[in-house]
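According to the numbering used here, the sequence shown is numbered sequentially starting from 19. Here a beta-carbon is modelled for each residue, glycine too, at the ideal position from N, C-alpha and C. These numbers were taken from a predicted model, which means no experiment stands behind them. Step one of this worksheet: look at the structure below.
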Amino acid sequence: MNDSFESSAQGANWLVLVHRVPPKPDYLRVKFRRRLTKLGAVPLKNSVYVMPDTEEALEDLQWLAREIEADGGSAVICDARFLHGVDDEEIRAMFHDQQRAAPEPAQHELVDRLDPGRTWVTRQDVHVDRIASAWLIHTFIDPKAQFCFVPARGYRPAPGELRFDMFEAEYTHEGDRCTFETLLRRFGIKDKPLKAVGEVVHDIDLKDERFGREETRGIASLIEGIVSSTPRDEDRLTRGAAVFADLHSFYKKRVR
Numbered sequence: 019m020n021d022s023f024e025s026s027a028q029g030a031n032w033l034v035l036v037h038r039v040p041p042k043p044d045y046l047r048v049k050f051r052r053r054l055t056k057l058g059a060v061p062l063k064n065s066v067y068v069m070p071d072t073e074e075a076l077e078d079l080q081w082l083a084r085e086i087e088a089d090g091g092s093a094v095i096c097d098a099r100f101l102h103g104v105d106d107e108e109i110r111a112m113f114h115d116q117q118r119a120a121p122e123p124a125q126h127e128l129v130d131r132l133d134p135g136r137t138w139v140t141r142q143d144v145h146v147d148r149i150a151s152a153w154l155i156h157t158f159i160d161p162k163a164q165f166c167f168v169p170a171r172g173y174r175p176a177p178g179e180l181r182f183d184m185f186e187a188e189y190t191h192e193g194d195r196c197t198f199e200t201l202l203r204r205f206g207i208k209d210k211p212l213k214a215v216g217e218v219v220h221d222i223d224l225k226d227e228r229f230g231r232e233e234t235r236g237i238a239s240l241i242e243g244i245v246s247s248t249p250r251d252e253d254r255l256t257r258g259a260a261v262f263a264d265l266h267s268f269y270k271k272r273v274r
């Protein structure tokens, strides 16, 4: 069991997702059940799932809640301590057992435009979608972009700042799209090699294996190596930019 789970479990605090999925079409229930399983959530009831109270788990559940709502359902996320009916040891056992077992959003009709040199704000401790999105912004959208890293909760943006890959950001997940895909769509970027890069980022970030490109696992390992060996977010963006620039060049020769 990973360290983030252990540290959360010791505090006896959990994230709980309570959701309702429309009865039709039938595939929606299967879709979201599979997504929750891939995220590592365990079911308490048919529509109630539990995860350790970590920043990564909260972000994953927030994105999933948005997907559920985009498909006509509803979702509530809360943090909780269980006082009756189930105890922490039982929930930990559920996670151990699970580890052993192992419709489109509204279309943007207008292409976004902005003056260069904006301040782009995202959450601290950047990982794959934020690293890739920052590279996309700096290379194809705003070559004079400045990046700012803020706490996950409680931040209030200053006038003129643009947030990305944060909950309630100007540019973030839309339906089942990761932030990288949202930026491509919102800024009208039609480059097919970039779309392929976005598919890799999507599968790593959303953990749903939707596109299944063979390069995905290797890129995921490279980004994980950067994250584990590079504490400063600014340095992660620099190192990650080289990875995604090379991946884009790779796809330029293979994607038409």
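Taking C-beta to C-beta, are F198 and S151 nearer than 7 angstroms? It is a contact, given that the beta carbons lie within the stated cut-off.
Do K56 and K225 have their CB atoms nearer than 7 angstroms? Yes, they are a contact pair.
Mind the definition here: the region 137–148 touches the region 180–194 only if three or more C-beta pairs lie below 8 angstroms; say whether that holds. Output reads yes: the region 180–194 touches the region 137–148.
Excluding sequence positions up to five away, which residues of its chain have a Cβ less than 6 angstroms from the Cβ of L284? In the structure as shown, the chain starts at 19 and stops at 274, and residue 284 therefore has no counterpart that could be examined.
Range covered by the beta strand (DSSP E) that runs through H37: It spans W32 to R38 - the beta strand (DSSP E) in which H37 sits, taken as one unbroken run.
V68 in three-state terms, based on DSSP: Correct three-state label for V68: strand.
Does the beta carbon of D223 sit closer than 7 angstroms to a beta carbon anywhere in chain C? Protein chain content of the structure displayed is limited to a single chain, and chain C is not contained in it.
How would you write the range of the alpha helix (DSSP H) that L265 sits in, first residue to last? That run of the alpha helix (DSSP H) goes D251 to K270.
CA-CA distance, K42 and D251? Cα-Cα distance, rounded: 43 angstroms.
Does P61 come out as helix, strand or coil in the three-state DSSP assignment? DSSP places P61 in strand when its eight states are reduced to three.
In chain order, which continuous runs of the beta strand (DSSP E) of length 3 or greater are located wholly inside the region 80–114? Those beta strand (DSSP E) runs which fall completely within the region 80–114 and span 3+ residues are 92–98.
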